[in-house]
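All remarks here apply to the structure that follows.
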Amino acid sequence: MTVVRAGRVELGIVRWDGDQVYALRNVCPHAGGPVCEGRLGPRIVAPAADPLRLEVDDACPAVTCAWHGWEFDARDGRALAPGSRLRVRTYPARVEDGTVLVELGR
Amino acid sequence: MYSGPIVDCDIHHDWPSQDALLPYLSAGWREYATRSGGRQPMPVIPSEIHPNPGGVFRDDAWPQEGGPPGSSRALMEEQLLGPYRVERGLLTFGAGTYVAANANPYWAAELARAANDWSIDHWLDGSDERLYGTALLANQLPEEAARELRRIGGHPRIAAGLLATNGIGKPFGHPLFHPIYAAAEELGLPIAIHAAGESFASMRVSPVGSGVPSLYLEHHTLIPQGIMTHVVSMIVHGVFEKFPGLRVLLMEGGVAWIPAVLWRFDMDFRGLRREAPWLRRAPSEYFYEHVRVTTQPLEIAPSRRHMHRLLELIGAEDILCFSSDYPHWDTDEVADIGRNIPEAWHRKIFHDNAMELFGWNDG
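As given, the protein sequences belong to chains A and B, one line each in that order.
If you count by the working numbering, then the first sequence holds residues 520 to 625, one letter each, in order.
If you count by the working numbering, then the second sequence holds residues -7 to 355, one letter each, in order.
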């Protein structure tokens, strides 16, 4: 996960599962912290709701905010904690000729 | 004043003398309990750390015929059941409530079994259709407690399993307690958790955080701490994921803490979800679906406006169930509680919420 600046916007660029890229605004919807300066890893899950059997969901890149540890799915920005409706802003991103292109819109 | 039907969720009934338990003990335990020849009392419950300087009972609740408050059905009728429309009352024991404070787990299990049989014989024989009972559970040995709950849980007048003291020094969410919840769910009975159970010298733990209080006033003011610990523990450990049919009734732990703890709980969960990924919902959602809370002792705010605002923040209309705590010194009166709860909620809090919790609407 790399933080870059595009004009006035700070973005976190997440590379996942080899060739997948995602772009998130580097602002946590919780308290405005630098969400993309935290950690990136697969989402920890308990498929059978059994504390003795934790696994990871490799399909889900979990971004953990640097300030308060809130977690977000890099693919769509949604908070991972059930019950939270907060969402990090995300932007369409793709790789062309070795360059990450992000559509910031207007 | 509220004049509709009432379900009282916490009435402490008691034996006239602890010798009343003797016929219900096995021969060996009876010999164990009486070997001193009466020179020292049968060790039913260890000493409390904080004695109330005025005693724990209402002064007017002592029966003329002797025995402790709560042991006379006639006086209970005169002081509680008769004056109000108490259509159903849940009996929660007197001296025996904290049986899990006994250091000896085998004696505690025998006491609980004997107390339950005594309660069924003397209070739940159907001669008073208003009275329902709890199954006293000595949770030092959770598998035994589950066995005891299964033994009597099918009795038509047993309405809940009763936990008070944490007999293994762990909050009630710990997996060691789960056999009890499995039995409760299987039987369709709620688990009632009665507060203040850790205030016994035998526990070797502080009943509240940060150290053992010195005065009863400190202890009593801080009783909600223990209830908070148990309910947070149950949610964090995923008890309601594992036992989705389980319902819990918190007793005597107050209500004003509920918004503060749940707001903090939900907030912390968002930053610590990865530590408990087995939770599929926000902590507060488990609380409101699975937990109900008795009113006594209701914290009374300095103004009616603040009181009602507090109750709104709690979501009181849907989760509070009236309790008197008769015959204790801090018994709540129906009229007083009625004045402090919005009238529009009276019916639910005095009656309907408990009826739903105990499945009594199902006939």
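Glycine is no exception: its CB is placed at the ideal position from the N, C-alpha and C atoms.
DSSP state of residue 539 of chain A, grouped into three classes? Counted from its first residue, the first sequence places residue 539 of chain A at position 20. Strand at residue 539 of chain A.
Start-end ranges of the alpha helix (DSSP H) lying completely within the region 89 to 138 of chain B, minimum 4 residues: 97 to 114
Based on the DSSP secondary-structure assignment, which residues constitute the bridge partners of residue 182 of chain B? On the second sequence, residue 182 of chain B is found 190 positions in, with the first residue counted as 1. Answer is none; residue 182 of chain B lacks a bridge partner.
Cβ of residue 563 of chain A less than 7 angstroms from any chain B Cβ? As a first step, residue 563 of chain A is located in the first sequence; it is residue number 44 there, counting from the start. It does; some Cβ of chain B falls within 7 angstroms.
Return the residue from the list B/122, B/233 and B/341 that minimises the CA-CA distance to residue 569 of chain A. Taking the first residue of the first sequence as position 1, residue 569 of chain A is located at position 50. The candidate whose alpha carbon is nearest that of residue 569 of chain A is B/233.
Going along the chain, which residues of the region 233 to 245 of chain B sit with their C-beta nearer than 8 angstroms to a C-beta in chain A? 233 and 234
Among the residues of its own chain, which have a CB less than 6 angstroms from the CB of residue 109 of chain B, if the five just before and after it don't count? As a first step, residue 109 of chain B must be located in the second sequence, where it is residue number 117. Answer for residue 109 of chain B: 16, listed in chain order.
Starting from the beta carbon of residue 269 of chain B, find every residue of chain A whose beta carbon is closer than 7 angstroms, and list them in chain order. Your numbering for residue 269 of chain B matches position 277 in the second sequence. Near residue 269 of chain B (Cβ distances below 7 angstroms), the residues of chain A are 563, 564, 565 and 573.
If we define contact as Cβ-Cβ less than 7 angstroms, is residue 159 of chain B a contact residue for chain A? Walking along the second sequence from the start, residue 159 of chain B turns up at place 167. Output row for residue 159 of chain B: interface = no.
Are the CB atoms of residue 286 of chain B and residue 315 of chain B nearer to each other than 7 angstroms? Here residue 286 of chain B refers to the residue found at position 294 of the second sequence. Here residue 315 of chain B refers to the residue found at position 323 of the second sequence. Against a cut-off of 7 angstroms, the Cβ pair of residue 315 of chain B and residue 286 of chain B comes out as a contact.
Pick from B/185, B/82 and B/90: whose alpha carbon is nearest that of residue 381 of chain B? Residue 381 of chain B falls outside the range modelled here, since chain B spans only -7 to 355, and no answer is possible.
In chain B, which residues lie with their C-beta within 7 angstroms of the C-beta of residue 569 of chain A? In the first sequence, the residue the question calls residue 569 of chain A occupies position 50. Neighbours of residue 569 of chain A on chain B, chain order: 270.
At which residues does the alpha helix (DSSP H) containing residue 257 of chain B begin and terminate? Counted from its first residue, the second sequence places residue 257 of chain B at position 265. Looking at the DSSP string, the run of the alpha helix (DSSP H) that includes residue 257 of chain B is 249 to 264.
Going by other Cβ atoms of all chains shown within 10 Å of its Cβ, with 16 needed for buried, is residue 33 of chain B buried or exposed? Numbered from 1 along the second sequence, position 41 holds the residue referred to as residue 33 of chain B. So residue 33 of chain B counts as exposed.
Buried or exposed by the 16-neighbour rule on C-beta atoms within 10 Å, applied to residue 7 of chain B: Taking the second sequence and counting its residues from 1, the one referred to as residue 7 of chain B is at position 15. When all chains shown are included, residue 7 of chain B counts as buried.
Distance, residue 339 of chain B Cα to residue -4 of chain B Cα: Counting from 1 along the second sequence, the entry for residue -4 of chain B is found at position 4. Counting from 1 along the second sequence, the entry for residue 339 of chain B is found at position 347. For residue -4 of chain B and residue 339 of chain B, the distance between alpha carbons rounds to 7 angstroms.
Would residue 220 of chain B and residue 253 of chain B qualify as a contact pair, given that the criterion is a beta-carbon distance under 7 angstroms? Indexing the second sequence from 1 puts residue 220 of chain B at position 228. Indexing the second sequence from 1 puts residue 253 of chain B at position 261. Yes, these two residues count as a Cβ contact at 7 angstroms.
Return the chain-ordered ranges of every beta strand (DSSP E) run that is complete within the region 170 to 222 of chain B and spans a minimum of 3 residues. 183 to 186
Same chain, Cβ closer than 7 angstroms to residue 550 of chain A, neighbours up to 5 away in sequence not counted: Counting from one through the first sequence, the residue named residue 550 of chain A turns up at place 31. Hits under 7 angstroms: 586 and 587.
Could you spell out where the alpha helix (DSSP H) holding residue 592 of chain A opens and where it closes? Along the first sequence, read from residue 1 onward, the residue named residue 592 of chain A stands at position 73. First-last for residue 592 of chain A: 590 to 592, but that is the beta strand (DSSP E), not the alpha helix (DSSP H).
In whole angstroms, give me the CA-to-CA distance for residue 611 of chain A and residue 275 of chain B. Residue mapping note: residue 611 of chain A aligns to position 92 of the first sequence, counting from 1. Residue mapping note: residue 275 of chain B aligns to position 283 of the second sequence, counting from 1. If you take the alpha carbons of residue 611 of chain A and residue 275 of chain B, they lie about 33 angstroms apart.
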